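Here is the structure we will look at, set down as structure tokens.
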Amino acid sequence: TSDEAVPWEQPARIGWIRAFSDTVRGAMFGGPGFFAAMRPGGSLAPAYLFFLLLGYISIVSSLLWSRAFEALLPDMSPFSAERVGLPVLLLLAPMSLGLMQLFVTGWVRLIIGLASPSRADFVLVFRVVGYAFAPFVLSVAPFIGPPLGSAWFLALLIMGCRGALGLSPLLAVLAPLPPALLMLGAITWFFL
1252 TSDEAVPWEQ PARIGWIRAF SDTVRGAMFG GPGFFAAMRP GGSLAPAYLF FLLLGYISIV
1312 SSLLWSRAFE ALLPDMSPFS AERVGLPVLL LLAPMSLGLM QLFVTGWVRL IIGLASPSRA
1372 DFVLVFRVVG YAFAPFVLSV APFIGPPLGS AWFLALLIMG CRGALGLSPL LAVLAPLPPA
1432 LLMLGAITWF FL
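Positions in the sequence shown are counted from 1; adding 1251 to them yields my numbering.
Listed below in structure tokens is the structure:
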């Protein structure tokens, strides 16, 4: 069952575009309240599709900005020619982004399960990871967007673990920090 806290999980009621924008806004600016209103259970599909859509926005924006930079300053570009073409990236995105989301979710759930097994709800952790990815919408802004989105994602992931799962402040930081940093490192390496 979807809950009222996440507009993206109710697109038939308010429409896809509004559901997406309300969820991005709610996650980014609603902070702890957005995540605290989430309930255990529900489907993995909406959170995965949200994560995937933001991943596509990030991939396309990154490639467009790097091509624009190379076209304007070909001799000074720190970027090498793209390693993989856009069509291949778009085809690989569902699997690679899904694996990233599962990796972060699995790691966070494992750490929470060791410290507080009753709070280690896989579906809820998966949803928190998916909706904490909202700041990657900032990837459309060159240079500052991706680093700002990455830092904001990490902050939302910590807030989400604290709010949705009711974790202590220390566990809310320790559970998501290692996998999130690994994921952000992989994303940075891939695009640079």
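For each residue, glycine too, the CB sits at the ideal point set by N, CA and C.
In this text the structure is predicted, and so the values were computed from the model without any measurement.
Pull up the distance between the alpha-carbon of residue i and that of residue j, whole angstroms please.
i, j, result
"S1390", "R1360", "28 Å"
"V1311", "G1292", "32 Å"
"A1263", "A1278", "20 Å"
"A1322", "L1315", "10 Å"
"F1330", "G1400", "Here the model assigns F1330 a pLDDT of 48, short of 50, so the residue's position is not dependable, and the following value carries that caveat. Their Cα atoms are separated by approximately 20 Å."
"L1340", "Y1307", "9 Å"
"L1193", "G1282", "The structure shown has nothing for residue 1193, since the chain only spans 1252 to 1443."
"S1347", "S1419", "31 Å"
What did DSSP end up calling residue i once you bin it into helix, strand or coil?
i, result
"S1312", "helix"
"P1368", "helix"
"V1374", "helix"
"Q1352", "helix"
"G1293", "coil"
"V1257", "coil"
"F1384", "coil"
"P1262", "helix"
Check for me: the alpha helix (DSSP H) holding residue i runs from which residue to which?
i, result
"G1277", "1267–1287"
"L1399", "1396–1416"
"V1424", "1420–1425"
Who are the near neighbours of residue i in its chain, counting only those whose CB is closer than 6 Å to its CB and skipping five residues on each side?
i, result
"T1356", "V1376, F1377, V1380"
"L1416", "R1370"
"A1288", "A1256"
"P1397", "S1390"
Assuming residue i and residue j form a contact by the criterion Cβ under 8 Å, report the distance between their Cβ atoms to the nearest whole angstrom.
i, j, result
"Y1299", "Q1261", "About 16 Å separates the two Cβ atoms, so there is no contact after all."
"V1374", "L1295", "6 Å"
"A1385", "L1435", "Wrong, their Cβ atoms sit about 15 Å apart, outside the cutoff."
With a CB to CB cut of under 8 Å and the five nearest residues on each side skipped, what residues in its chain are close to residue i?
i, result
"A1431", "V1355, F1404, L1405, L1408"
Within its chain, find whatever has a CB closer than 7 Å to the CB of residue i; leave out the 5 residues flanking it on each side and keep chain order.
i, result
"T1252", "At T1252 the pLDDT is 40, less than 50, meaning the model places this residue with poor confidence; the figure from the coordinates comes in the next sentence. Closer than 7 Å at Cβ, skipping near neighbours: G1292, G1293."
Just checking: is the beta-carbon of residue i within a distance shorter than 8 Å of some beta-carbon in chain B?
i, result
"R1378", "Absent here is chain B; the protein component of the structure consists of one chain."
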